[in-house]
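One gets this note's numbering by counting positions in the sequence shown from 1 and adding 63 to each.
Every residue, glycine too, gets a C-beta built ideally from N, C-alpha and C.
First up is the structure itself, then whatever we jot down about it.
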Amino acid sequence: EMYKRAGFNDALGQWSDDIKKAMKRIERRLGSQRHKQVSDIFDKALNIQKQSGSLDAYKEWVEFLLVEYYDPMYDYQIEKRAEQVQFRGSSEEVIAHLAKFGALRT
């Protein structure tokens, strides 16, 4: 919809090209096999959208990216900064921990 409002004649084509370029930028981190998998999943979802208008097939594509790229990247970043982490817990546990040091008013 945003691409249509921006005036692209082939909004879906432009959007899919942009998505493919974005996935190409993370290919090195994904590895060629997983990049091919995610690209195939995206192409399948795009074809389904073109045929039926359904967006449901993109759920598999998003899940793949979350599990195979974003979750590992998040874990890596957390591990990289492990020495900076002073405390971990639920939101309630964090509030209680901070309250011990007078950092929060409870």
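- Check the Cα spacing between residue 129 and each of 86, 74, 81 and 118: the tightest is with 86.
- Between residue 118 and residue 79, the gap from beta carbon to beta carbon reaches 8 Å or more.
- In the displayed model, residue 100 falls within a helix according to three-state DSSP.
- By the neighbour-count definition (other C-beta atoms within 10 Å, threshold 16), residue 105 is a buried residue.
- The Cβ-Cβ distance between residue 131 and residue 75 does not fall below 8 Å.
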